[in-house]
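These protein sequences, in sequence, are chains A and B.
Just so you know, the first sequence maps onto residues 1 to 108 in my numbering.
Just so you know, the second sequence maps onto residues 109 to 221 in my numbering.
Ideal Cβ placement from N, Cα and C applies to all residues, glycine included.
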Amino acid sequence: GQQVQQSPASLVLQEGENAELQCNFSTSLNSMQWFYQRPGGSLVSLFYNPSGTKHSGRLTSTTVIKERRSSLHISSSQTTDSGTYLCALAPNYNVLYFGSGTKLTVEP
Amino acid sequence: EAAVTQSPRNKVTVTGGNVTLSCRQTNSHNYMYWYRQDTGHGLRLIHYSYGAGNLQIGDVPDGYKATRTTQEDFFLLLELASPSQTSLYFCASRDRGKQNTLYFGAGTRLSVL
């Protein structure tokens, strides 16, 4: 909840543009994850990334613990990337706390 | 891939009604969670459990009970449903260990009239 702040709340891109989504947190963390929520509501895990940089196709996640932030970069966006992106952190290993999400719309 | 199945997928009830949401996971994960999702709030934790018979309180537990009857099954109970509980509910599971991710069910959309 309030421990995790995501920005921007919404973003509209033209296909082919890049996106940078931010997640800032106010507590220490043991785990940081990024999820994608399809327009129909289902959730899928994109990254488990407690620190450093990870890549998966056109997606890159970077977590900098000292700065209490994590980012998700989407390159060459496609209309199928539209949906909501959620970050979640775990101050301990038991529970994940979610941000409010960034709603991404990619227009053709 | 872990499987988490929620039922029902959609539910409509009236104020004061009694509702049970079911969740089953088939990978013998230790942890199971119930979240609700509302516009502007992201996912908020209601209850969670780390094993059969165990229950832990989350951030928004008021008006909800939960029970973990087996390793696989976790139920969320609304005994006197109110319109404020109209929401999208997600169940999730996770295995023990810091590296393991959260696996979600498809969600249950509940409307309390």
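Item: Exposure of ARG117 (chain B), with buried meaning 16 or more beta-carbon neighbours within 10 Å; Value: exposed
Item: Three CB pairs or more closer than 8 angstroms across the segment 59-66 of chain A and the segment 1-13 of chain A; Value: no
Item: Chain B contact for GLN22 (chain A) (CB, 9 angstroms cutoff); Value: no
Item: Enclosing beta strand (DSSP E) for ASP81 (chain A) [first to last residue]; Value: Per DSSP, ASP81 (chain A) belongs to no beta strand (DSSP E) and is neither H nor E.
Item: Distance between LEU89 (chain A) and ARG176 (chain B) (C-alpha atoms, nearest Å); Value: 24 angstroms
Item: Limits of the unbroken beta strand (DSSP E) element including LEU109 (chain A); Value: One cannot answer for residue 109 (chain A) here, as it falls past the ends of chain A, which runs 1 to 108.
Item: Residue-level contact to chain B via CB, LEU43 (chain A), 9 angstroms cutoff; Value: yes
Item: Beta-carbon proximity check, SER201 (chain B) vs TYR139 (chain B), cutoff 9 angstroms; Value: yes
Item: Reduced DSSP secondary structure (H/G/I, E/B, other) of GLN3 (chain A); Value: coil
Item: Contacting residues, own chain, Cβ-Cβ under 6 angstroms from ARG217 (chain B) (five flanking each side not counted); Value: ASN118 and LEU196
Item: Beta strand (DSSP E) segment containing ASP170 (chain B), residue limits; Value: Counting along the chain, ASP170 (chain B) falls outside any beta strand (DSSP E), and DSSP gives it neither H nor E.
Item: Buried versus exposed, by CB contacts within 10 Å (16 or more), HIS55 (chain A); Value: exposed
Item: Residues, ordered as in the chain, of the segment 186-204 of chain B that lie near chain A by beta-carbon distance below 9 angstroms; Value: LEU196, PHE198, ALA200, ARG202 and ARG204
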